[in-house]
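A.B. asks: I'd like to ask you about the structure that follows.
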Amino acid sequence: MPNAVALNAPALSVVIPVYNEEAVLQALFDRLYPVLDGLGEPYEIVFVNDGSRDRSPQMLAAQYRLRPDVTRVVLFNGNFGQHMAIMAGFEQVRGAITITLDADLQNPPEEIPRLVAAIRAGHDYVGTIRRHREDSAFRRIASKAMNRLRENITRIQMTDQGCMLRAYDRALVDTLNACREVNTFIPALAYTFAASPTEIEVSHEERFAGESKYSLYKLVRLNFDLVTGFSIVPLQWFSLIGMLLALGSGALFLLLLVRRFVLGAEVEGVFTLFALQFFLTGIMLFGIGLMGEYVGRIQQEVRSRPRYRIAAVLQQGGDAGA
Ligand code: UDP
Ligand code: MG
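Under my numbering, think of the first position of the sequence shown as 205, with each following residue one higher.
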């Protein structure tokens, strides 16, 4: 970064990924800007449009024209996912503190000053815990289960991994920018590098309008990113299961052998054996699939293609095209 940029760097940068959010953007603008103006410090908001197919990019451009002093808009030319959008935002931010926020107003912008205060109290990473989570029961239960799984297989300690309202200090953002991972989960990635992480409770609201951009399929993919990106414990489970099964089947073989000599050959147990076999085949297929998840990610990393493509950046001092 050239020094000139660092000299007039804002105190605070806010990064917001936007994907088909035309229904909420105006309400977001109406609540976010007053909160940040109220801080009385220089700030910037970096919106990253993740290939929306609705009017979101036009609305972001209009907002940029309205407040060009504090607004920057990164326009992707496709949908690269929420976490890649945030990564692209991180590469743009100039602030000493960076806050991430969802566009749908589930994370109230009014909580931002508390996150800033926590960073200034000496933390380099501020996570959040949603006080009353306003999501469907299915999402809440599934997310609890994933939290527990993550706790057991990684050393990442987060009470609530799903909430994207978080704050990072400058050094941490620089470190994240040095990571070239394609499939990642930013809160977990940041946590692995944080020297003094903390968590605060924040309120949570229902999505203001529009619907969740995560289908069940996308949620499953995201959780695979979280598990395989930060732990190889699942693979190790399979060696363990394999070992136990080998021991078990060895014992079964011995038992059948002895039985054959004592009682004669048996056929009645055949269906039990089938059931057992199907069960084992199921485990094997799952194991192969899981291995595929890792191998697929390795393949994506070694290809080392650009992670996203930026069509344009709207910002003061010349709109950079790419
Ligand atoms: N998002 C994105 N790209 C995607 C999916 C989502 O940039 O492919 C953004 C979306 O616009 C929102 C945030 O990520 O700002 C969280 O999405 P959403 O609220 O739909 O997720 P949920 O709250 O259901 O987990
Ligand atoms: Mg949401």
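Just so it is clear, CB atoms sit at the ideal spot from N, CA and C, and this is done for glycine as well.
In terms of residues, what are the limits of the beta strand (DSSP E) holding residue 275?
C.D. replies: Residues 275-280.
A.B. asks: When you compare the CB positions of residue 252 and residue 278, do they come within less than 7 Å of one another, or not?
C.D. replies: Yes; because the gap between Cβ atoms is below 7 Å, this pair is in contact.
A.B. asks: Let me check understanding here. Comparing Cα to Cα, which of 313, 309 and 465 lies closest to residue 415?
C.D. replies: Of 313, 309 and 465, the residue nearest in Cα terms is 309.
A.B. asks: Could you round the C-beta distance between residue 407 and residue 335 to whole angstroms and report it? I think they count as a contact, below 8 Å.
C.D. replies: Yes, residue 407 and residue 335 are in contact; Cβ-Cβ is about 5 Å, under 8 Å.
A.B. asks: The alpha helix (DSSP H) with residue 446 in it runs from where to where?
C.D. replies: From DSSP, the alpha helix (DSSP H) with residue 446 extends over 437-467.
A.B. asks: I'd like the list of long-range same chain contacts for residue 229, defined as Cβ closer than 8 Å, with 5 residues on each side in sequence excluded.
C.D. replies: Hits under 8 Å: 222, 260, 263, 264, 267 and 307.
A.B. asks: If the criterion is Cβ atoms closer than 7 Å, does the pair residue 402 and residue 327 meet it?
C.D. replies: Yes, Cβ-Cβ distance for residue 402 and residue 327 is below 7 Å.
A.B. asks: Looking only at DSSP bridge pairs, what is residue 405 linked to?
C.D. replies: Residue 405 is bridged to 333.
A.B. asks: Between residue 477 and residue 445, what straight-line distance do the alpha-carbon atoms span, to the nearest angstrom?
C.D. replies: Near 18 Å, if we compare the C-alpha coordinates of residue 445 and residue 477.
A.B. asks: With hydrogens ignored, establish whether the beta-carbon of residue 364 is closer than 6 Å to any heavy atom of ligand 2.
C.D. replies: Answer for residue 364: no, Cβ out of range of ligand 2.
A.B. asks: Let me know the alpha helix (DSSP H) ranges lying completely inside the stretch 350-388, each 4 residues or longer, listed in chain order.
C.D. replies: You should have 374-382.
A.B. asks: Only counting runs of 3 or more residues, tell me where the beta strand (DSSP E) segments fall wholly within the stretch 475-525, in order along the chain.
C.D. replies: You should have 514-518.
A.B. asks: Between the stretch 385-392 and the stretch 459-469, do at least 3 Cβ pairs fall closer than 8 Å?
C.D. replies: Output reads no: the stretch 459-469 does not touch the stretch 385-392.
A.B. asks: Kindly indicate the opening and closing residues of the alpha helix (DSSP H) around residue 294.
C.D. replies: Residues 286-296.
A.B. asks: Between residue 512 and chain C, is the shortest Cβ-Cβ distance under 7 Å, so that the two count as touching?
C.D. replies: Here there is only one protein chain, and chain C is not present.
A.B. asks: So is the beta-carbon of residue 254 under 6 Å away from any non-hydrogen atom of ligand 2?
C.D. replies: Checking every heavy atom of ligand 2 against the Cβ of residue 254, none is found closer than 6 Å.
A.B. asks: Quick one: using the 10 Å Cβ neighbour count with 16 as the cut-off for buried, is residue 472 buried or exposed?
C.D. replies: Under this definition residue 472 is an exposed residue.
A.B. asks: Any chance you could list the residues with Cβ under 6 Å from a heavy atom of ligand 2, keeping chain order?
C.D. replies: Taking each Cβ in turn, the ones that pass are 306, 308, 310, 411 and 416.
A.B. asks: On the CB-based measure, 16 or more other CB atoms within 10 Å of its CB, does residue 329 come out buried or exposed?
C.D. replies: With 16 or more Cβ atoms within 10 Å of its Cβ, residue 329 is classed as buried.
A.B. asks: Assign residue 410 to buried or exposed, taking buried as 16 or more other Cβ atoms, counted over all protein chains shown, within 10 Å of its Cβ.
C.D. replies: By the neighbour-count rule (16 or more Cβ atoms within 10 Å), residue 410 is not buried but exposed.
A.B. asks: For residue 356 and residue 362, what's the separation of their Cα atoms in angstroms?
C.D. replies: Each residue's Cα considered, the two are about 12 Å apart.
A.B. asks: Should residue 340 and residue 366 be called a contact, given that it needs their Cβ atoms to be closer than 7 Å?
C.D. replies: The answer is no: Cβ separation not under 7 Å.
A.B. asks: Could you tell me the distance, in whole angstroms, from the CA atom of residue 521 to the CA atom of residue 354?
C.D. replies: Going from the Cα of residue 521 to the Cα of residue 354 covers about 44 Å.
A.B. asks: Quick one: does the C-beta of residue 286 sit closer than 6 Å to a heavy atom of ligand 1?
C.D. replies: Yes, ligand 1 has a heavy atom inside 6 Å of this Cβ.
A.B. asks: Should residue 329 be listed as close to ligand 1, given that the test is whether its C-beta is under 6 Å from any heavy atom?
C.D. replies: For ligand 1, not one heavy atom lies less than 6 Å from the Cβ of residue 329.
A.B. asks: On the criterion of 16 or more Cβ atoms from any shown chain inside 10 Å, does residue 352 qualify as buried, or is it exposed?
C.D. replies: Answer is exposed; the Cβ neighbour count stays below 16.
A.B. asks: Under a three-way DSSP split, which group does residue 428 fall into?
C.D. replies: Reduced to three states, the DSSP call for residue 428 is helix.
A.B. asks: Taking residue 397 as part of the alpha helix (DSSP H), name the residues at either end of that continuous run.
C.D. replies: Element bounds for residue 397: 390-397.
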